[in-house]
Amino acid sequence: MTARPLPAAFPAPPSAGLAALVALVGVPAALAACLTVIGLLQLLPAGLWWDALHAPDVNDPRQLLYRHAFLPRLLVTVQAGAALGLAGTLLQQALRNPLAEPTTIGTNAGASLALTIATLYAPWLLETGREWVAFSGGAATTLIVFALARDRSFSPVAIIITGLIVSLTCGSASALLMAINREYSEELFIWQTGSLVQNGDAIALALAPWIAVAAIIAFLLVRPLRLLDLSDEGAAGLGARPAITRLAALAVAVALSTLVVAAVGVIGFVALAAPALARLVGARTLGQRMVWAPLVGAALLWLTDRLVQIAPFAGEIPAGTATAFLGAPLLLLLLPRMQATPNRLRAMPLLTPHRAGWASLLIMVLILAVAALAAVAFGQGLDGWHWASPSELAEWLPLRAPRVIVSLAAGAMLAVAGTAMQRMTGNPMAAPEVLGVTGGASLSVLLLFLFSARLDRAAMFAAASAGALATLAAIVLLGRRHAFAPDRLLLAGIAIATVASAFSAILLASGDPRLDFLLVWLSGSTYRATAGDAAMAAIAMAFTLVLVPPTARWLDILPLGEAAPRALGLGLGRVRSILLILIAVPTAVSTLVVGPLSFVGLMAPHMARALGFQRALPQLLAAACLGALFLLLADWAGRTLIFPWQVPAGLLAALAGGPFFMILMWKGRR
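Residues 67 to 736 (the working numbering) make up the sequence shown, in order.
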């Protein structure tokens, strides 16, 4: 494995000395300790602490909670934080990547999916310990990420992008399994979001020896890992074996992170923050970071856990959700410091030697019409699979027609927006969902949900449009500073989507009586689609398609760079402003009527290009047909596959879109 040097654009800061490091650990630890003591005093008088520790009175619920819930939770929290801090340090050193950590490289998601599958379908695998199942899943997804990022020189952003896409795919697969096995869904959801709640000290006692062994091995690797600061040739010249050293460090890091997943679920971004903060305040050598990062991780997670327990919500926010608020802004802060990488994503579009004509487009429209008819009239019912009779069709039409229209319109609009974004930025991986435009729209709706007593469609549309436009404007500003480098834009979008996801999880813990509506909307479904939603979506789609032909010439020219459009007299500012509106409004309407979706706007333009639609106008129209067909099929499949239960269309779209994204990454690496 050949790794890139730690980017010079993320240098170690001037040493702040031992005092700064002590403060970095001591301040959050002191705050957490104060909150812990306050919580203990509220639970049990101080005079009973010692007796309750050794021999709790079984007739006193307070002592039982103190001994078997409060103290084990405290121990597990500190152990998990320390393990994640050490795992992040090892990953960042082995990969020479300041953004590497178990969440961003897909390790946690693989471990979580493996445990979900074993819990539901092979519980006998858990008899020998959850740790081995978690390690197998985490190691598998980590290898997939490295395989996809290998030919891009393991660049920091390439690993992060691939890792988070793998995580999204694994998360969608887990959610689908929970939808199929609804009797276990609540428990699995709480565990997957990183809950530190304990019932006894078994987990705390089991973690300790594993973490101790992993820590000893990690410190034995300090000297060979330190040699990785040199080039591979230089390290080999000093007697080191870089490939074996990296493999050993990665194995220890994966083991530490999967131990935490097996014990408490996914705790994200602590492994990113702890080494980064330790480096920022003066832990410049690897040995210093391996000592201080676990302490920082333990203190941060301890403080986070105490804060979520006193947060004024009806339900407790999982610690893993709370830590996402720390990690996503940190990604955005580190983004400008990342070293630029070659723009190899531009070679990724799926080109074909032939060009499709208008006759092919007409065939696609006919296929779409037949699929829409089948979605209304064919499905699974109490009598099995069958076509609806005239009487059944009359009964079903008012229920199914709005869903079909909303699916068609949302898929078409997202596909048009994705095609326009890819051509405007020259970035074949651009899409409203991937670059955070959908996330920005949904975040604005969530903020409206938080601060408004009532939700109406007009207010939600205004909020979604404002969020989409603001995100797009930020993307354009960032892109112009860095020549629309795909890596930077994708990472910014991922960070925005992470913030929106974490914010939605906090709202879910608020106890708001409108949560039923929010849950359905966030899943990306058409369950509650009404005739009004269908009319609004259809009108928005019609206006979008009417505006497509006048912009086609611009979208043919913009991928050529800035010099060619200026030479042809194109006012780039005016053109981009119009295109921003063309992208933002359809995205906002789609997000409003269906909810946040993943990958529809990414896949449709590539599929259209692969079918031979190369010029802007044919590609836009073909992508609209393909996006509409894809979301229509996802909605139909979600409605019929596990009848009488339903799976949200957005979930199935993400499950199909993740592998498609990875296929694009694989083709781009060659």
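Note that beta-carbon positions come from the ideal geometry of N, C-alpha and C, so glycine has one too.
> Under 8 Å between the Cβ atoms of Ile383 and Ala377?
Replying inline: Taking a C-beta distance under 8 Å as the contact criterion, Ile383 and Ala377 qualify as a contact pair.
> Since Val347 and Leu636 are thought to touch, with beta carbons under 8 Å apart, how far apart are those beta carbons, to the nearest angstrom?
Replying inline: For Val347 against Leu636, the beta-carbon gap comes to about 49 Å, at or over 8 Å, which does not count as contact.
>> Taking its Cβ as the centre, do 16 or more other Cβ atoms sit within 10 Å of Ala719, making it buried, or is it exposed?
In response: Sixteen is the threshold: when 16 or more other Cβ atoms of the shown chains lie within 10 Å of the Cβ of Ala719, as they do, the residue is buried.
>> Per DSSP, what are the beta-bridge partners of Trp453 in this structure?
In response: Answer is Phe444, bridged to Trp453.
> How big is the Cα-Cα spacing for Val374 and Ala388?
Replying inline: Looking at the two C-alpha atoms, the distance is approximately 7 Å.
> Apart from the five residues on each side of it in sequence, which residues of its chain come closer than 7 Å, Cβ to Cβ, to Asp599?
Replying inline: Pro468, Val472 and Val659, listed in sequence order.
> What do you get for Val436, buried or exposed, if any count of 16 or more other CB atoms within 10 angstroms of its CB means buried?
Replying inline: Classification of Val436: exposed, given that the 10 Å Cβ count is below 16.
> Expressed to the nearest angstrom, what Euclidean distance is found between the alpha-carbon atoms of Ala148 and Ala180?
Replying inline: The straight-line gap from Cα to Cα measures roughly 24 Å.
> Which runs of the alpha helix (DSSP H), 4 residues or longer, sit entirely within the segment 656-722?
Replying inline: Segments of the alpha helix (DSSP H) lying fully in the segment 656-722: 666-676 and 682-706.
> Is it true that the segment 137-152 meets the segment 329-349, where meeting means three or more beta-carbon pairs spaced less than 8 Å apart?
Replying inline: Yes: at least three Cβ pairs fall under 8 Å.
>> Taking a contact to mean a Cβ-Cβ separation below 8 Å, would you say Ala618 touches Ala682 in this structure?
In response: Cβ atoms of Ala618 and Ala682: closer than 8 Å.
> Can you tell me whether DSSP reads Ala86 as helix, strand or coil?
Replying inline: Ala86: helix per DSSP, three-state reduction.
>> Closest to Ala536 by C-alpha separation, out of Ile246, Arg196, Ala650 and Arg216, would be which residue?
In response: The shortest Cα separation from Ala536 among Ile246, Arg196, Ala650 and Arg216 belongs to Ala650.
> Using the C-alpha atoms, what's the distance from Ser656 back to Ala328?
Replying inline: Going from the Cα of Ala328 to the Cα of Ser656 covers about 37 Å.
> Taking the alpha-carbon positions, what's the Val211 to Leu432 distance?
Replying inline: Taking the straight line from one Cα to the other gives about 39 Å.
> Does the segment 127-147 come close enough to the segment 314-323 to have 3 or more Cβ pairs within less than 8 Å?
Replying inline: No, the segment 127-147 is not in contact with the segment 314-323.
> Assuming Val666 and Glu499 make a contact with CB atoms under 8 Å, what is their CB distance in whole Å?
Replying inline: About 7 Å separates the beta carbon of Val666 from that of Glu499, a gap short enough to meet the 8 Å contact definition.
> Quick one, are the C-beta atoms of Leu325 and Ile269 less than 8 Å apart?
Replying inline: Judged by their CB atoms, Leu325 and Ile269 are not nearer to each other than the 8 Å cut-off.
>> For Thr102, which residues in the same chain have their Cβ closer than 7 Å to its Cβ, ignoring the five residues on either side in sequence?
In response: Listed in chain order, the non-local C-beta contacts of Thr102 below 7 Å within the same chain comprise Leu140 and Arg372, local neighbours out to five positions each way being set aside.
>> Helix, strand or coil, according to DSSP, for Ala121 in the structure here?
In response: In this structure, Ala121 counts as coil in the three-state DSSP scheme.
>> For the segment 160-175 against the segment 356-373, do three or more pairs of beta-carbon atoms, one drawn from each stretch, fall closer than 8 Å, so that the two count as touching?
In response: Judged by Cβ distances under 8 Å, the segment 160-175 makes no contact with the segment 356-373, as fewer than three pairs qualify.
> From Thr143, Thr155, Leu110 and Gly154, pick the residue whose C-alpha is nearest to that of Arg133; which is it?
Replying inline: Nearest C-alpha to Arg133: Leu110.
>> Quick check: the segment 441-460 against the segment 666-680, are at least 3 beta-carbon pairs closer than 8 Å?
In response: At 8 Å Cβ cutoff, the stretches do not touch.
> How would you label Asn493, buried or exposed, when you count the other beta carbons within 10 angstroms and need 16 or more for buried?
Replying inline: Buried.
> Can you name the start and end residues of the alpha helix (DSSP H) that Glu197 belongs to?
Replying inline: It spans Arg196 to Ala215 - the alpha helix (DSSP H) in which Glu197 sits, taken as one unbroken run.
> Any Cβ of chain D within less than 8 Å of the Cβ of Leu439?
Replying inline: The structure shown has no chain D; it contains just one protein chain.
> Among Ala425, Leu514 and Leu543, which has the Cα closest to the Cα of Ala532?
Replying inline: Taking only the C-alpha atoms, the option nearest Ala532 is Leu514.
> The alpha helix (DSSP H) spanning Gly492 covers which residue range?
Replying inline: Neither: Gly492 is in no alpha helix (DSSP H) and is coded neither H nor E.
> Looking only at C-alpha atoms, which of Leu645, Ala604, Ala606 and Ala98 sits nearest to Leu621?
Replying inline: Across the set Leu645, Ala604, Ala606 and Ala98, the C-alpha of Leu645 shows the shortest separation from the C-alpha of Leu621.
> Using DSSP with H/G/I as helix, E/B as strand and the rest coil, what is Phe727?
Replying inline: Correct three-state label for Phe727: helix.
>> Which same chain residues end up closer than 7 Å to Thr370 when comparing Cβ atoms and leaving out the 5 residues on each side of it in sequence?
In response: Taken in chain order, the residues that qualify are Ala385, Ala388 and Thr389.
>> If the criterion is Cβ atoms closer than 8 Å, does the pair Pro714 and Ser589 meet it?
In response: Cβ distance < 8 Å, so Pro714 and Ser589 count as in contact.
> What is the DSSP secondary structure of Ile226, reduced to helix, strand or coil?
Replying inline: Ile226 falls in the helix class under three-state DSSP.
> In this structure, does DSSP put Arg421 in helix, strand or coil?
Replying inline: Looking at Arg421 - three-state DSSP - the assignment turns out to be coil, as it is neither helix nor strand.
> If you draw a straight line from the alpha carbon of Leu721 to that of Leu698, how long is it in whole angstroms?
Replying inline: One alpha carbon belongs to Leu721, the other to Leu698, and they sit about 15 Å apart.
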